[in-house]
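Enquirer: Provided herewith is a single structure, encoded as structure tokens, for subsequent inquiry.
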């Protein structure tokens, strides 16, 4: 091999975030804190062991596979186990818990006491594993529209659920599927499967229709328009099931996707200053419900009650008085916004061929 070596930079995985070493130095600046940390150390280890198994960050992943297999065996053969094996299983589980608890407490109190660094490393591992466990819920940004969409989807799916439970599935099968899904959610196999499914535009579209979550993509993009995009082949669990920001979109398309306004006038003030007069066009959408009349409550697959006329993306209510201007954090220029008119004006010439009160689509 030559003297010059080429190194590849990889994104750190969850294993690299966990502290696998400890120091033997004992901090004696605060003896009360050191004593409290030493006393709580066994319970931190219990929590760490539990999170280690749930998040699949242990050194031996086959133990998790055995737990999943044991759960599936208990669910599938519960009718036989409840008659013959329940007493033996209960006694075995009870003795195992008591033995592990007493061993950990005895080692922590009577053997070599842990150092403060060891306790802090254990706390760090617990914090990282809690972050991994709560990451799917923490990364979701749900709005009131998402909650309404999920509630409507749940109501519409209730008849299908009742039919499936009475005719196709058994409660035992549902319990098996839900339990295995929860136990294997953080496994590398489930992570890779979700990554492969999440690359499909049709899967994203179905999730958007059911929950209103657009999956960090524009819902107006067709699958064919994204066929030429470059897909990153380097994924690690630390990316948290989130799609990385794409930089392959042309600059013109980015400007069209970001701007929710139209420029009506440009004035050059100096070599470094430019004044632009822009106009925001917002459409108000309503649906006519039987027995209710016109209402802003729309179906999940329709536009929002207020949307921009250019992109049809959700817009704030003009009557609320809290309108947010666009923000360009990566731009080289600085922007200052100022209202030219304090009130919104109804554009009667927007569609002069239809009724001035609106139209039905």
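Residue numbers (our numbering): 14 to 374. Glycine residues also receive a C-beta, built at the ideal position from the N, C-alpha and C atoms.
#1: Taking 8 Å as the threshold (C-beta atoms), are residue 223 and residue 166 in contact?
#2: Which value, in whole angstroms, describes the spacing of the CA atoms of residue 156 and residue 221?
#3: Alpha helix (DSSP H) containing residue 185: first to last residue?
#4: Apart from the five residues on each side of it in sequence, which residues of its chain come closer than 8 Å, Cβ to Cβ, to residue 61?
#5: If you draw a straight line from the C-alpha of residue 245 to the C-alpha of residue 199, how long is it?
#6: What does the alpha-carbon distance come out to for the pair residue 322 and residue 328?
#7: Is it buried or exposed, residue 99, if we count other Cβ atoms within 10 angstroms and call 16 or more buried?
#8: Among the residues of its own chain, which have a CB less than 8 Å from the CB of residue 238, if the five just before and after it don't count?
#9: Threshold first: 4 residues or longer. Then list the alpha helix (DSSP H) segments lying entirely within the region 76 to 161, N to C.
#10: Looking at the secondary structure, which residues open and close the alpha helix (DSSP H) in which residue 219 lies?
#11: Anyone know if the C-beta pair for residue 81 and residue 146 falls short of 8 Å?
#12: Between the beta-carbon of residue 273 and the beta-carbon of residue 353, is there less than 8 Å?
#13: Pull the bridge partners of residue 320 from the DSSP assignment, please.
#14: Do you know offhand how far residue 251's Cα is from residue 158's?
#15: Which residue marks the beginning of the beta strand (DSSP E) containing residue 275, and which one marks its end?
#16: Just the C-alpha distance for residue 69 and residue 79, rounded to the nearest angstrom, thanks.
#17: Which residues bound the alpha helix (DSSP H) around residue 48?
#18: As a quick exercise: from 150, 286 and 313, pick the residue whose alpha carbon is nearest that of residue 164.
#19: Please name the residue, chosen from 333, 175 and 208, that lies closest to residue 355 on a Cα-to-Cα basis.
#20: Could you work out which residue in 72, 56, 276 and 196 is closest to residue 84 when comparing CA atoms only?
#21: Express the C-alpha separation of residue 350 and residue 149 in angstroms, rounding to a whole number.
#22: With a threshold of 6 Å on Cβ separation, who are the neighbours of residue 194 within its own chain once the five nearest residues in sequence on each side are excluded?
#23: Would you report the Cα separation of residue 214 and residue 127, rounded to the nearest angstrom?
#24: Sort 107, 132 and 176 by Cα distance to residue 49 and report the nearest one.
#25: Just grab the DSSP bridge partners of residue 211 for me.
#26: So for residue 166, helix, strand or coil by DSSP?
#27: How about residue 289 and residue 281: are their beta carbons less than 8 Å apart?
#28: Just list the residues that DSSP pairs residue 287 with in beta bridges.
Expert: Let me lay it out:
#1: Along the chain shown, one-based indexing puts residue 166 at 153. Along the chain shown, one-based indexing puts residue 223 at 210. Going by C-beta atoms, residue 166 is nearer than 8 Å to residue 223.
#2: Locating residue 156 in the chain shown gives position 143, counting from the first residue. Locating residue 221 in the chain shown gives position 208, counting from the first residue. Approximately 13 Å between the Cα atoms of the pair.
#3: In the chain shown, the residue the question calls residue 185 occupies position 172. Run containing residue 185: 184 to 196, per the alpha helix (DSSP H) assignment.
#4: Translated into the one-based positions of the chain shown, residue 61 becomes position 48. For residue 61, where only same-chain residues beyond five positions count, the Cβ hits under 8 Å are 135, 138, 139 and 142.
#5: Position 232 of the chain shown, counting from 1, holds the residue named residue 245. Position 186 of the chain shown, counting from 1, holds the residue named residue 199. With a pLDDT of only 33 at residue 245, under 50, the local geometry of the prediction cannot be trusted, and no value is derived from it.
#6: Locating residue 322 in the chain shown gives position 309, counting from the first residue. Locating residue 328 in the chain shown gives position 315, counting from the first residue. In a straight line, the C-alpha of residue 322 is about 10 Å away from that of residue 328.
#7: As a working note, residue 99 is residue 86 in the chain shown. Answer is exposed; the Cβ neighbour count stays below 16.
#8: Here residue 238 refers to the residue found at position 225 of the chain shown. Bear in mind that the predicted position of residue 238 carries a pLDDT of just 36, short of 50, making it unreliable; the figure below should be weighed with that in mind. Excluding residues within five positions, none has a Cβ falling inside 8 Å.
#9: 91 to 97, 99 to 123 and 129 to 151
#10: Position 206 of the chain shown, counted from the start, is the residue given in the question as residue 219. Element bounds for residue 219: 214 to 224.
#11: Taking the chain shown and counting its residues from 1, one reaches residue 81 at position 68. Taking the chain shown and counting its residues from 1, one reaches residue 146 at position 133. No, they are not a contact pair.
#12: Here residue 273 is taken as the residue at index 260 of the chain shown, counted from 1. Here residue 353 is taken as the residue at index 340 of the chain shown, counted from 1. Contact flag unset, no.
#13: By one-based count along the chain shown, residue 320 stands at place 307. Partner(s): 296 and 327.
#14: Along the chain shown, one-based indexing puts residue 251 at 238. Along the chain shown, one-based indexing puts residue 158 at 145. At residue 251 the pLDDT is 39, less than 50, meaning the model places this residue with poor confidence and gives no usable figure here.
#15: By 1-based counting over the chain shown, the position of residue 275 is 262. Counting along the chain, the beta strand (DSSP E) containing residue 275 begins and ends at 275 to 281.
#16: Counting from 1 along the chain shown, the entry for residue 69 is found at position 56. Counting from 1 along the chain shown, the entry for residue 79 is found at position 66. Whole-angstrom Cα-Cα distance: 12 Å.
#17: Indexing the chain shown from 1 puts residue 48 at position 35. That run of the alpha helix (DSSP H) goes 44 to 67.
#18: Within the chain shown, residue 164 is the residue found at index 151, counting from 1. Of the listed residues, the one whose Cα sits closest to residue 164 is 313.
#19: Stepping through the chain shown from its first residue, residue 355 is reached at position 342. When only C-alpha atoms are compared, the closest one is 333.
#20: Taking the first residue of the chain shown as 1, we reach residue 84 at position 71. For the residues 72, 56, 276 and 196, the minimum Cα distance to residue 84 belongs to 196.
#21: Residue 149 sits at position 136 when you count from the first residue of the chain shown. Residue 350 sits at position 337 when you count from the first residue of the chain shown. One C-alpha to the other measures close to 37 Å.
#22: The count along the chain shown starts at 1 and reaches residue 194 at position 181. Once the five neighbours on either side are set aside, residue 194 has no close Cβ partner at all.
#23: Translated into positions along the chain shown, residue 214 becomes position 201. Translated into positions along the chain shown, residue 127 becomes position 114. Near 52 Å, if we compare the C-alpha coordinates of residue 127 and residue 214.
#24: Looking up residue 49 in the chain shown gives position 36. Closest option to residue 49, Cα to Cα, is 132.
#25: In the chain shown, counting from the first residue as 1, residue 211 sits at position 198. Bridge partners of residue 211: none, in fact.
#26: In the chain shown, counting from the first residue as 1, residue 166 sits at position 153. If DSSP states are grouped into helix, strand and coil, residue 166 belongs with the helices.
#27: Taking the first residue of the chain shown as position 1, residue 289 is located at position 276. Taking the first residue of the chain shown as position 1, residue 281 is located at position 268. Cβ atoms of residue 289 and residue 281: not closer than 8 Å.
#28: Locating residue 287 in the chain shown gives position 274, counting from the first residue. In DSSP, residue 287 forms a bridge with 281.
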